[in-house]
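Taking this note's numbering, the leading residue of the sequence shown gets 248, the next gets one more, and so forth. In what follows, a single structure is set out as structure tokens and then discussed.
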Amino acid sequence: MKAKTIFILYLIVIQIVIQMVSMVSVKKDLRKVRTLMNFKRSNHGCSSKIDVRKYAELDNVCYECFQRYRADLLDDCRDDCYDNPIFWMCVDAMSLSNKRQYFKELIQQLTAKH
């Protein structure tokens, strides 16, 4: 009887661990969905033919900056398709200055008229 109880407890613990691991995965997936939902609601001044991957990479800078510093930064950071002083401040604050040129190229691609 005691072995059966231990086995049942073992199964319960395994189930809890599996649920916790899947929650982490779901949280990452929800973040991607949230990014796509933001894109569909407003393109933040980017051209209408937008590459979602490029948009998501730039949006991630704003989102991480928002998470670390201030909630009101998020919309300001996204203004004018990310080509604004708040976005560049976030790039520097997030120690991403080495990617400045790359981000400039992404912004140019996203704002190009097709």
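Positions of the beta carbon are idealized from the N, C-alpha and C atoms, including for glycine. Please read all numbers here as calculations on a predicted model, not as lab measurements.
In this model, residue 323 and residue 259 are separated by some 46 Å (Cα to Cα).
Cα atoms of residue 339 and residue 315: separation of roughly 13 Å, rounded to the nearest angstrom. The alpha-carbon separation between residue 299 and residue 262 amounts to approximately 36 Å. With a cutoff of 7 Å on beta-carbon distance, residue 320 and residue 328 are scored as not near each other.
Within 10 angstroms of the beta-carbon of residue 302 lie 16 or more other beta-carbons, which makes it buried. Take the alpha-carbon of residue 334 and the one of residue 252: they are about 57 Å apart.
Between residue 354 and residue 326, the C-beta gap is not smaller than 7 Å, which leaves the two residues out of contact.
In this structure, 308 is the residue among 293, 357, 308, 292 with its C-alpha nearest to the C-alpha of residue 344. Put simply, of 310, 351, 292 the residue whose alpha carbon is nearest the alpha carbon of residue 341 is 310. Where residue 306 is concerned, the enclosing alpha helix (DSSP H) starts and stops at 299-315. Rounded to whole angstroms, the gap between the alpha carbons of residue 360 and residue 318 is 31 Å.
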